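Residue numbers (UniProt numbering): 1 to 155.
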């Protein structure tokens, strides 16, 4: 198997970054699918019946980038053009020092932090009210980021 790249139009985001984020998120999902994810009170969450492996979607990337343009504090909900998909979003921000940001490491750390916090309050496989991170990461499609002046925005 030879990886041929994602063929997305945004050259400011490397395929290495996309692949790293995709592998991280699919790793989270795989842990849930196998019934190995610990949730609230360290109880194992149920095995997922229908957990697919995500692939990268360049159209969703473009929609997320548009939503994150100009680094809004509350990004506008992306609208996936010509589709019946209902997209939601989660955001994560972290402070970065000028010229010292490793985008891959920062994004992975932000995602991992969000994931750990989300699963810590997850009692089972049902959607917990007001907890978007777990449900959107396991039931939905995802994601993109943007580097702002003093923070890193991950959607």
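Note that beta-carbon positions come from the ideal geometry of N, C-alpha and C, so glycine has one too.
Keep in mind that this is a model prediction, so the values were computed, not measured.
Coil, strand or helix - residue i by DSSP
i, result
"residue 43", "coil"
"residue 128", "coil"
"residue 104", "helix"
"residue 55", "coil"
"residue 16", "helix"
"residue 28", "helix"
"residue 112", "helix"
"residue 4", "coil"
Beta-bridge partners of residue i, as assigned by DSSP
i, result
"residue 38", "44"
Cβ distance (whole Å) where residue i is taken to contact residue j below 8 Å
i, j, result
"residue 56", "residue 22", "5 Å"
"residue 120", "residue 40", "7 Å"
"residue 108", "residue 20", "7 Å"
"residue 8", "residue 63", "No, residue 8 and residue 63 are not in contact; Cβ-Cβ is about 12 Å, not under 8 Å."
"residue 53", "residue 26", "5 Å"
"residue 34", "residue 47", "6 Å"
Check whether the region 2-12 and the region 91-102 are in contact - that is, three or more C-beta pairs closer than 8 Å. Taking a contact to require three or more Cβ pairs closer than 8 Å, the region 2-12 and the region 91-102 do not qualify as touching.
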